[in-house]
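The structure appears below as structure tokens.
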Amino acid sequence: MEYFKSLVVILMTSVLVNNYVLNKFLGICPFLGVSKKLNQATGMGIAVIFVMLVATAVTWPIQIFVLNRFGLEYMQTIVFILVIAALVQFVEIVLKKYIPGLHKSLGVYLPLITTNCAVLGVTINNINDGYDFTQSMVSSLGCGLGFLLAMVLFSGVRTRLESENIPKAFQGLPITLLAASIVSLAFFGFGGIVDNMFK
Amino acid sequence: MPDIVIALLAAVIVVAGIGLLCGILLSVSSKFMAVKKDERIEKIRNCLPGANCGACGFAGCDGYAEALIEVEGTKTNLCIPGADPVSQKISDVLGVEFEDVVEMVAFVQCNGNCAATSKKTDYQGIKTCAAASLFYGGDGKCTYGCMGYGDCASICPTNSICIENGISHVDPRTCIGCGLCVSRCPKGIIALKPTVKSVYVACSNKDKGAVARKKCKNACIGCKKCEMTCPTDAIKVENNLSRIDYSKCVSCGKCADVCPTGCIAICK
């Protein structure tokens, strides 16, 4: 029961409190780049969830059974990048062959996030936080969901921005960054909510 | 061997080993799970103009090339900007019979210029048709007509549309008939017609004759003179507005001669 509770806490924390985009500022590039339209934002979010889960499933065993065993913890970053990049390419080939429907819907987003810093960040943080395999997978799922949530929310904000009469100096990226910071501030309101939920 | 060399060797061997494994995995999988792509797609793609205008009804030139190969019965004459030469090339690649492309040209179904009609409000908002039309149907007296803020001109890939005298004009010599302006116009007053047909109705007002006339001097009043004159029954008045059926029209121009308000025009 205690273990199950820890899973729920990890999930809720990574979605709301430690949101990767809005709280840790990882994965800002796709957050600003692909959040213009809702359907693109959702596509990107789902692709990120998918890649995070697959990446964690592979990097966790590598860390525990290969790197830790040979005392090579300091090679973590390079090995993880290498493995994740190869893995995403492999998944793409497999999807293209056997599930073309899913491949088409993930589209360009899949190769785009091969070495996205949010993906790398999740895998490394899972190790640093000392999670076991199940906890790592739940944490990745939570981070992916948090990314999707941030993307969907922000695409709504950007749709509203499109129809506004913005001063010329703020048009384009400046107003987008301003809006992003306000959304991020709003997310800080979730701080402490999860701890108190399970008191 | 000193410890540092062993540590270095271990790192090199482990990382190289992982890299090698990944490399083998990828190359083997790309060999065994390769999806065969029809080489004709690439050939057809090279024949197409590459403007990605979407006039064919597919998502860009790539989409059309794929559909030609993969979807049974896709017509080879859908690329309007490319016209006959492109259709000819596609039919050569596919080995099917050549189909003539009906070249289309956009035209504006409104002639409510500054001399004919006037504004009902002094609109101060965002200067686009999409924004202006949300505000009580636009600032013109005629709510069906062109507002002249140039949404169509801004989307035209060949700069064939200009705003003159308060309304949009399409230059038929440079228009490629992609139809982007047709879907852009919030009033839906731009349409496509075959280039060979020269006559068109330059009005979209569906009000009754007297009302329409009060709003704009050049409006169609639905008098049905054109309908009676037309030798081929191509022109019909529906909802107080005459419309030409281009499958029947022979471009004789008799309707334009009898039209009392001059809303039927002949493009040169």
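Just so you know, the sequences run in chain order A and B. Numbering follows the working numbering, in which position 179 of the first sequence is assigned residue number 179; successive positions increment by one, without gaps. Numbers given in the working numbering equal positions in the second sequence, counted from 1, plus 1000. Don't be surprised by glycine CBs; every beta carbon is placed ideally from N, CA and C.
Distance from B:Cys1047 to B:Ile1080 at the Cβ level is roughly 14 Å; contact not present, criterion being Cβ atoms closer than 8 Å.
Distance from the CA atom of A:Val17 to the CA atom of A:Leu153, rounded to whole angstroms, is 15 Å. Residues of chain B whose Cβ lies closer than 8 Å to the Cβ of A:Gln89 are, in chain order, Leu1026.
Nearest C-alpha to A:Thr13 among A:Gly142, A:Ser136 and A:Gly71: A:Gly142. Proximity to B:Leu1025 across A:Gln171, A:Gly121 and A:Val91 peaks at A:Val91, based on C-alpha coordinates. When B:Ile1244, B:Pro1231, B:Val1182 and B:Val1199 are compared, the shortest CA-CA separation from B:Gly1054 is found for B:Val1182. For B:Ala1010, the chain A residues whose Cβ falls inside 9 Å of its Cβ are Phe70, Gly71 and Leu72, in order along the chain.
A direct Cα-to-Cα measurement between B:Ala1011 and A:Ile124 gives close to 19 Å.
Taking B:Asp1139 as reference, the option from B:Cys1267, B:Thr1121, B:Tyr1064 and B:Cys1259 with the minimal CA-CA separation is B:Thr1121. Contact of A:Lys97 with chain B is assigned, a C-beta pair being separated by under 8 Å. Listed along chain A is no residue with a C-beta nearer than 7 Å to that of B:Ile1006; the closest approach is about 10 Å. Ranked by how close their Cα comes to the Cα of B:Arg1243, the residues B:Lys1214, B:Lys1206, B:Ile1126 and B:Leu1009 have B:Lys1206 in first place. If the five residues before and after B:Leu1094 are omitted, its C-beta is found closer than 6 Å to no C-beta atom of its own chain. Secondary structure of B:Thr1229 (DSSP, three-state): helix.
When DSSP states are grouped into helix, strand and coil, B:Ala1059 belongs to the coil group. DSSP places B:Ile1167 in the uninterrupted beta strand (DSSP E) bounded by Ile1167 to Val1170. Separation of B:Arg1184 and B:Ile1155 (C-alpha to C-alpha, rounded to the nearest whole angstrom) is 8 Å. Beta-bridge partners of B:Tyr1064 (DSSP): none assigned. Using a C-beta cut-off of 8 Å, the region 1157-1172 of chain B makes no contact with the region 1220-1236 of chain B, since fewer than three inter-stretch Cβ pairs fall below that distance. In the DSSP assignment, B:Glu1164 falls outside any alpha helix (DSSP H) and within the unbroken beta strand (DSSP E) covering Ile1161 to Glu1164. Below the 7 Å Cβ cutoff, chain A contributes no neighbours of B:Met1001, its closest Cβ being approximately 16 Å away. Under the 8 Å Cβ criterion, the region 147-166 of chain A counts as touching the region 27-42 of chain A, having at least three qualifying pairs. Put simply, the CB of B:Met1104 is far from chain A, with every gap to its CB atoms at 8 Å or more. Under the Cβ distance rule, A:Val54 does not count among the residues neighbouring chain B, no pair being separated by less than 8 Å. Annotation for B:Ser1242: the continuous beta strand (DSSP E) segment containing it runs Leu1241 to Ile1244.
Under DSSP, B:Phe1107 forms a beta bridge with B:Ala1191.
DSSP, reduced to helix, strand and coil, places B:Ala1265 within a strand of the structure shown. DSSP places A:Tyr3 in the uninterrupted alpha helix (DSSP H) bounded by Glu2 to Met12. Between A:Val157 and A:Ala179 a beta carbon distance of about 5 Å is seen, short of the 8 Å cut, so the two are scored as contacting. Membership of B:Tyr1200 in any alpha helix (DSSP H) is not indicated; the residue belongs instead to the beta strand (DSSP E) covering Val1199 to Val1201. Counting only residues of its own chain and dropping the five nearest sequence neighbours on each side, B:Ile1235 has a CB closer than 6 Å to the CB of Cys1226, Glu1227, Ser1242, Ile1244 and Cys1255. Beta-bridge partners of B:Ile1235 (DSSP): B:Ile1244. Here B:Gly1073 carries a coil assignment [DSSP, helix/strand/coil]. DSSP, reduced to helix, strand and coil, places B:Gly1140 within a strand of the structure shown. Taking a Cβ-Cβ threshold of 7 Å, the residues of chain B close to A:Ile78 are Val1015, in chain order. Contact with chain A is found for B:Gly1019, since one of that chain's Cβ atoms lies less than 8 Å from the residue's Cβ.
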